[in-house]
Every structure is written in C-alpha cells, then in structure tokens.
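J.: The opening position of the sequence shown corresponds to residue 0 in numbering that gives the first Met the number 0, with each subsequent residue numbered one higher.
For each residue, glycine too, the CB sits at the ideal point set by N, CA and C.
The structure presented is a predicted model; accordingly, all values stated were derived computationally and were not measured.
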Amino acid sequence: MKSKIAPLPGSFMLTALVGLLLSIFFVWPLSATWGFTFTIFFAIMLVAAMISMTKAPSY
C-alpha cells in the first residue's frame, strides 16, 4: 500500500525551525531534559515538513 503524504503549510516549517532554535539555545541551558525533549519534537516536525515539501502532491 502506498503512503499518502499530506501537504503541510509553510507556517508548519517556520514553527519547527523557530521551536528548534529556541529549544537548543534557551530551553536546553535551563533544563537538559526538557531541552532534549523539545529539540527532538521540533526536529521531527522539521523532517515532516521537509518530506511534505518534496513528496506531497501540489494542487
């Protein structure tokens, strides 16, 4: 079965990038556990946005 890739808006990628940077530079120094968790979360969002940007059908 072929997977369907949803087209995500550009704001999704912007949120992922800003969240990733804030997590690395501001949250991680305060709490390594929360910083790592948020970094992984926003990195996964960024990967999803990249996949959506390259593989999703354009309308």
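1. Since residue 38 contacts residue 22 with CB under 8 Å, what's their CB separation in whole angstroms?
2. Would you mind sorting residue 41 into buried or exposed? The rule is 16 or more other CB atoms within 10 Å of its CB.
3. In whole angstroms, what separates the C-alpha of residue 4 from that of residue 51?
4. For residue 19, count neighbouring C-beta atoms within 10 Å of its own C-beta (all shown protein chains included) and say buried if the count is 16 or more, exposed if not.
5. For a quick check, are the C-beta atoms of residue 45 and residue 0 less than 8 Å apart?
T.: Taking the definition as stated:
1. Yes, residue 38 and residue 22 are in contact; Cβ-Cβ is about 5 Å, under 8 Å.
2. Counting of Cβ neighbours within 10 angstroms places residue 41 among the buried residues, the total reaching 16 or more.
3. Note on geometry: alpha-carbon atoms of residue 4 and residue 51 lie some 6 Å from one another.
4. By the neighbour-count rule (16 or more Cβ atoms within 10 Å), residue 19 is buried.
5. Judged by beta-carbon spacing, residue 0 lies beyond the 8 Å limit of residue 45, meaning their Cβ atoms are not closer than that value.
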